[in-house]
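Report on the following structure.
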Amino acid sequence: MTNEMIKSLDPRISRLQMPADINEQPLQKEALDQLVTFQVFMQKKEGKSFEHTGIVHAPTSELALLYAKEQYSRRFTCSGMAVAETTNVLASPVTDGGLSVYELLEGPAPETDAPAETYEVFHLMKRGKQHEHAGSVEASSVEEAFLKAKDTLAPAKPVLSIWLVRRDDLLTVDEDDKDIWHTLPEKGYRDAVAYKTGDKLKDFKERA
1286 MTNEMIKSLD PRISRLQMPA DINEQPLQKE ALDQLVTFQV FMQKKEGKSF EHTGIVHAPT
1346 SELALLYAKE QYSRRFTCSG MAVAETTNVL ASPVTDGGLS VYELLEGPAP ETDAPAETYE
1406 VFHLMKRGKQ HEHAGSVEAS SVEEAFLKAK DTLAPAKPVL SIWLVRRDDL LTVDEDDKDI
1466 WHTLPEKGYR DAVAYKTGDK LKDFKERA
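All residue numbers for the sequence shown refer to this note's numbering, where the first residue is 1286 and numbers rise by one.
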């Protein structure tokens, strides 16, 4: 590394005090210089299924849940929310053309002595839509969870993609804390569809 600094006619560049050979230096990248990605699942109303709604970046799952609440429940009603680190979301291949991904799953699952765990199963039924919660299965491995989902949760319509998330890897809003959603009544005033401007625009054009 040279001790000579870049000399530029632009004083803003000179103030940065950058070495003249900066473009020749190897990039120095910290091992953990980015926040963890979490997948967010939201239940819009009681009785509705949880569905994938987006992602947030956060250092911990607790903060991810807080960020998700602030980001995804500001404009819409919400009765439940959960987050899972992206690496804990186990995805199947994606199919198309009327082929269900369940048709690609073949057993039996490898034998294991691991204890059974609860896996939450999410289905993608149509491209452009979100993965929606389809149910839960008890399994001792990921392979067994996929096969049990095939036996118990496969619908008549083709499923394009399956997500599995261990229940223990999901952080949800506790029942005792669900009163946080009481401040989220119908928020139509925040949605563009709530503003009936079509008739007003039509009247304006007719008067013009």
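We put the CB at the ideal spot given by N, CA and C, even for glycine.
Because the structure is a prediction, the values reported are computed rather than measured.
{"Query": "Sequence-distant residues of the same chain with beta carbon closer than 7 Å to PRO1395, five excluded per side", "Result": "SER1426 and GLU1428"}
{"Query": "Spatial distance of VAL1368 from GLN1319 (CA atoms)", "Result": "18 Å"}
{"Query": "Cβ distance (whole Å) where MET1366 is taken to contact MET1327 below 8 Å", "Result": "5 Å"}
{"Query": "First and last residue of the uninterrupted beta strand (DSSP E) at ALA1369", "Result": "1365–1370"}
{"Query": "Every unbroken beta strand (DSSP E) within the segment 1393–1449, with a cutoff of 3 residues, ordered by chain", "Result": "1402–1409 and 1417–1424"}
{"Query": "For ILE1340, the residue or residues it bridges with in DSSP", "Result": "GLN1324"}
{"Query": "Nearest residue (CA-CA) to GLU1402, options GLY1420, SER1385, SER1334 and ALA1424", "Result": "ALA1424"}
{"Query": "TYR1352 and ALA1343 closer than 8 Å at C-beta", "Result": "yes"}
{"Query": "Rounded C-alpha distance that separates ASP1295 from PRO1304", "Result": "15 Å"}
{"Query": "Which of helix, strand or coil DSSP assigns to PRO1378", "Result": "coil"}
{"Query": "Reduced DSSP secondary structure (H/G/I, E/B, other) of LEU1384", "Result": "coil"}
{"Query": "C-alpha gap between ILE1277 and ASN1288, whole angstroms", "Result": "Here the chain comprises residues numbered 1286 to 1493, so residue 1277 is not present and cannot be evaluated."}
{"Query": "GLN1415 versus GLU1405 - alpha carbon distance", "Result": "15 Å"}
{"Query": "Limits of the alpha helix (DSSP H) - the one that ALA1349 falls within", "Result": "1346–1357"}
{"Query": "Distance, GLN1302 Cα to LEU1455 Cα", "Result": "47 Å"}
{"Query": "Alpha-carbon spacing of ASP1436 relative to PHE1361, whole angstroms", "Result": "35 Å"}
{"Query": "Cutoff 8 Å; reference ARG1412; Cβ partners in own chain excluding five residues on either side", "Result": "ASP1381 and LEU1445"}
{"Query": "ARG1451, DSSP secondary structure in three states", "Result": "strand"}
{"Query": "Cβ distance (whole Å) where THR1322 is taken to contact ILE1340 below 8 Å", "Result": "6 Å"}
{"Query": "Where the alpha helix (DSSP H) through ARG1297 begins and ends", "Result": "1296–1300"}
{"Query": "Check whether LEU1432 and LEU1486 have beta carbons under 8 Å apart", "Result": "no"}
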